[in-house]
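Taken in order, these protein sequences are the chains called A and B. Heads up, the first sequence is in the working numbering, so the first residue is 148 and it goes up one at a time. Heads up, the second sequence is in the working numbering, so the first residue is 3 and it goes up one at a time. All C-beta atoms, glycine included, are put in the ideal place defined by N, C-alpha and C. What follows is a set of notes on a single structure, which appears directly below.
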Amino acid sequence: MNNICLKSIDKDNPSSLATYEEMGGYKVWHKILHGELSPEKILEELKISGLRGRGGAGFPTGLKWSFMPRNQEGQKYVVCNSDEGEPGTCHDRDILRFNPHSVIEGMAIAGYVMNATVGYNYIRGEFMEPYYRFEEALKEAYDTGLLGTNINGSKVCFDLYSHLGAGAYICGEETALLESLEGKKGQPRFKPPFPANVGLYGKPTTINNTESFASVPEILSRGGQWFADLGVVNSGGTKCFSVTGNVKNPANFEIPMGTPFSDLLKLAGGLRKGRTLKGVIPGGSSTPLIPAAKAMKMTMDYDSIEKAGSMLGAGSVIVMDDTTCMVKALTRLAHFYYDESCGQCTPCREGTGWMYRVLKRIMDGQGKSEDLNLLLSVQDKIIGNTICALGDAAAMPVESFITHFREEFEYYIKHGKSMVESDG
Amino acid sequence: MISDEAKKEIDIWVAKYPEGRQSSAVMQALTIVQKENGGSLNNELKQAVADYLEMPTISVQEVATFYENYNNKPVGKNVIRFCHNISCMLNGSDELISYLEEKLDVKTGEISKDGLVSVKRVECLGACVGGPMCQIGDQYYENLTKKRIDEILDGLK
């Protein structure tokens with residue numbers, strides 16, 4: 148456990164350059180600076196590793212990097228998405244706090260592969276402790292001549308800067324992030340063109356998540372096949388999971404893909420005494436809820452979670468026991484999307500408000516018998532009809548909560564109170 | 003309007019972006035001037051940021067009203083931003099927010115009578131394994147209990 152991105156977590160002074168180098172850090176970067184590792188070889192290893200975007204979409208990282216027009220003249224950019232804000236997710240925060248050099252090295256390698264000489268790490272505005280740790284690490288990297296122009300006479304150039312957000316969930320969407328980085332409202336762009344062609348300041352840009360970048364140095368150091376073998380088919384390697392909610396010891400765990408959910412639950416101390424499992428949101432609030440029986444049979448990898456009816460997403464496992472009122476839980480999620488919709492697309496801007504208001508009405512004891520069908524109809528009109536995935540993310544939990552716990556919603560509408568006694 | 007010190011700080015951010023792209027620094031510029039102005043922004047400050055970064059005023063206004071962390075109305079000396087999202091909720095954040103409101107005699111969104119504290123309910127702050135949690139200034143406070151909240155409030159000046 149905790150062998151790659153979180154491997155320094157129990158060490159003294161985990162975020163320091165000395166600790167990182169002790170663990171074999173910057174070995175790959177030095178190889179690159181000595182001209183011993185070609186971009187083609189790196190892409191090949193990444194493809195073999197099976198590394199998929201850890202931010203939620205799960206797009207193969209090696210393939211993404213290969214889309215960049217590396218030989219095109221002009222400035223190109225590498226951007227790290229550290230705008231971690233998916234409810235239930237907090238492992239990128241720990242990577243930035245405890246292993247910031249892995250992100251720096253991963254980004255520098257990406258810059259070299261894609262011929263991008265400038266990188267930005269977009270850190271959410273509230274993450275001040277992670278920001279300071281990252282800044283300290285950046286200073287160490289510059290002071291020891293690991294970054295900059297013509298690094299150690301290698302002709303390799305890479306400058307890296309951090310950027311701070313100011314509180315907007317939508318900026319985790321890559322094109323909204325680019326808008327924000329340019330100093331605008333974070334409203335997603337139409338795709339195509341994709342950022343690999345028209346990205347930051349209109350230049351070719353590749354955006355990856357913090358955990359994705361942090362995984363790269365270790366993969367290249369130990370080989371793509373080594374990483375792939377840690378996981379299962381279609382889900383190579385390990386992944387960080389945040390386990391939160393009704394468990395004894397909520398925490399982050401970096402474990403092999405394909406680990407049974409029941410084992411992960413045990414790692415988090417299991418359920419509290421006398422409680423039974425009700426449902427699990429496996430990949431952050433934007434992924435559909437899975438009822439207990441199915442969850443106990445799934446393994447933590449892309450395919451198994453999909454088969455169970457949800458998505459691995461950002462690896463944010465929200466555990467709900469029998470004290471959870473599903474009406475209240477869904478209302479809280481609906482409020483979140485209503486609050487965070489950027490307002491650009493009508494189905495999302497209006498639909499998230501409708502869903503929240505209808506759920507609020509049910510919670511206030513004013514629900515009507517037709518409300519559940521109204522909710523399902525609104526969510527159906529959002530899905531697939533917006534520029535970015537926030538609309539789908541807002542809609543999918545509604546469908547899954549009502550499908551799996553319909554009787555609880557019907558009870559609330561009929562009696563004006565929750566079926567779950569301790570949580571009215 | 004913007005102090006020399008704040009300008010120096012803003013310049014550090016401007017230097018991170020390519021020439022002519024100083025508007026990339028607008029978010030930090032607003033954060034910096036907000037801090038200097040007791041935690042909130044007004045039209046004069048937004049105008050000053052627009053002038054300093056050579057941006058249209060409306061663009062600064064858009065940013066200042068889009069992002070959650072800018073306060074376009076006065077706030078208490080300390081802003082307690084309490085997460086009420088799912089992971090924190092499952093571990094009792096609602097009860098703690100009510101406790102805080104009662105203890106301070108404020109509702110979320112309001113400023114305490116002595117001007118020392120305002121309380122905001124906010125969405126996920128990305129520290130879910132430590133929920134219930136809140137943010138005051140740059141600091142996160144995790145695994146909150148009533149007792150811990152009492153201690154934190156006692157420490158606020």
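If you reduce the DSSP assignment to three classes, tell me which class residue i lands in.
{"i": "Phe245 of chain A", "result": "helix"}
{"i": "Gly571 of chain A", "result": "In this prediction, Gly571 of chain A scores a pLDDT of 40, lower than 50, which makes its location untrustworthy; no coordinate-derived value is stated."}
{"i": "Tyr484 of chain A", "result": "helix"}
{"i": "Cys495 of chain A", "result": "helix"}
{"i": "Phe341 of chain A", "result": "coil"}
{"i": "Cys237 of chain A", "result": "coil"}
{"i": "Pro186 of chain A", "result": "helix"}
{"i": "Asn356 of chain A", "result": "strand"}
{"i": "Asn520 of chain A", "result": "helix"}
{"i": "Met447 of chain A", "result": "strand"}
{"i": "Gly202 of chain A", "result": "coil"}
{"i": "Leu324 of chain A", "result": "helix"}
{"i": "Ser42 of chain B", "result": "coil"}
{"i": "Ile151 of chain A", "result": "coil"}
{"i": "His310 of chain A", "result": "strand"}
{"i": "Tyr267 of chain A", "result": "strand"}
{"i": "Thr147 of chain B", "result": "coil"}
{"i": "Thr406 of chain A", "result": "strand"}
{"i": "Ser5 of chain B", "result": "coil"}
{"i": "Ile509 of chain A", "result": "helix"}
{"i": "Pro207 of chain A", "result": "strand"}
On the CB-based measure, 16 or more other CB atoms within 10 Å of its CB, does residue i come out buried or exposed?
{"i": "Gly571 of chain A", "result": "Any reading at Gly571 of chain A must be qualified, since the residue scores a pLDDT of 40, below 50, and its modelled position is unreliable; the value itself is stated next. Gly571 of chain A should be labelled exposed."}
{"i": "Glu125 of chain B", "result": "buried"}
{"i": "Ala165 of chain A", "result": "exposed"}
{"i": "His551 of chain A", "result": "buried"}
{"i": "Asp230 of chain A", "result": "buried"}
{"i": "Ser451 of chain A", "result": "buried"}
{"i": "Gln219 of chain A", "result": "exposed"}
{"i": "His482 of chain A", "result": "buried"}
{"i": "Leu506 of chain A", "result": "buried"}
{"i": "Ala440 of chain A", "result": "exposed"}
{"i": "Met59 of chain B", "result": "What sits at residue 59 of chain B in the sequence shown is Thr, not Met. That one is exposed."}
{"i": "Ile179 of chain A", "result": "buried"}
{"i": "Glu192 of chain A", "result": "buried"}
Sort out for me which residues DSSP pairs residue i with in a bridge.
{"i": "Ala398 of chain A", "result": "A:Val390"}
{"i": "Cys535 of chain A", "result": "Answer by DSSP bridge pairing: none, since Cys535 of chain A is not bridged."}
{"i": "Arg123 of chain B", "result": "B:Phe84"}
{"i": "Asp468 of chain A", "result": "A:Leu424"}
{"i": "Phe305 of chain A", "result": "A:Gly295"}
{"i": "Gln137 of chain B", "result": "B:Arg83 and B:Tyr142"}
{"i": "Cys227 of chain A", "result": "A:Asn268 and A:Asn355"}
{"i": "Ser382 of chain A", "result": "A:Val379"}
{"i": "Ile437 of chain A", "result": "A:Val427"}
For the candidate residues the options, whose alpha-carbon lies nearest to that of residue i?
{"i": "Gly139 of chain B", "options": "B:Trp15, B:Lys159, B:Ile82 and B:Leu43", "result": "B:Ile82"}
{"i": "Met254 of chain A", "options": "A:Cys304, A:Pro438 and A:Pro161", "result": "A:Cys304"}
{"i": "Met502 of chain A", "options": "A:Thr533, A:Val545, A:Ile534 and A:Glu231", "result": "A:Val545"}
{"i": "Val394 of chain A", "options": "B:Gly133, B:Ile151, B:Asp116 and B:Ile99", "result": "B:Gly133"}
{"i": "Thr434 of chain A", "options": "A:Glu358, A:Leu537 and A:Glu283", "result": "A:Leu537"}
{"i": "Lys286 of chain A", "options": "A:Ile251, A:Ser488, A:Leu436 and A:Gly197", "result": "A:Ile251"}
{"i": "Asp157 of chain A", "options": "A:Tyr308, A:Phe400, A:Gly182 and A:Thr446", "result": "A:Phe400"}
{"i": "Gly41 of chain B", "options": "B:Leu92, B:Asn71, B:Pro58 and B:Tyr142", "result": "B:Asn71"}
{"i": "Gly22 of chain B", "options": "B:Ala31, B:Asp96 and B:Leu55", "result": "B:Leu55"}
{"i": "Pro247 of chain A", "options": "A:Pro364, A:Val466 and A:Glu555", "result": "A:Pro364"}
{"i": "Cys387 of chain A", "options": "A:Ser457, A:His181, A:Gly462 and A:Phe274", "result": "A:Gly462"}
{"i": "Gly383 of chain A", "options": "A:Lys564, A:Gly563, A:Met566 and A:Pro207", "result": "A:Pro207"}
{"i": "Gln141 of chain B", "options": "A:Arg422, A:Asp527 and A:Tyr279", "result": "A:Tyr279"}
{"i": "Asp152 of chain B", "options": "B:Ser61, B:Ala27, B:Lys109 and B:Leu98", "result": "B:Leu98"}
Residue i: beta carbon under 7 Å from a heavy atom of the ligand FMN?
{"i": "Asn532 of chain A", "result": "This structure lacks the ligand FMN, and indeed carries no ligand of any kind."}
Short-range partners of chain B found in the region 380 to 405 of chain A, where Cβ spacing is below 7 Å
Ser389, Thr391, Gly392, Asn393, Pro397, Ala398 and Asn399
Short of 8 Å Cβ to Cβ, which residues in the region 212 to 243 of chain A face chain B?
Gln222, Glu231, Gly232, Glu233, Pro234, Gly235, Thr236, Cys237, Asp239 and Arg240
Chain B contacts made by the region 321 to 347 of chain A, where a contact means CB separation under 8 Å:
If the cut-off is 8 Å between Cβ atoms, the region 321 to 347 of chain A has Ser327, Leu328, Glu329, Gly330, Lys331, Lys332 and Gly333 near chain B.
If contact means a Cβ-Cβ distance below 8 Å, which residues of the region 275 to 307 of chain A contact chain B?
Answer in chain order: Met275 and Glu276.
Between the region 31 to 52 of chain B and chain A, which residues of the former have a C-beta closer than 8 Å to a C-beta of the latter?
The residues in question are Leu32 and Thr33.
With 8 Å as the limit, tell me which residues of the region 85 to 98 of chain B have their beta carbon closer than that to any beta carbon of chain A; keep them in chain order.
His86, Asn87, Ile88, Ser89, Met91, Leu92 and Asn93
Can you pull out the residues from the region 116 to 131 of chain B whose beta carbon lies closer than 9 Å to at least one beta carbon of chain A?
Val124, Glu125, Cys126, Leu127, Gly128, Ala129, Cys130 and Val131
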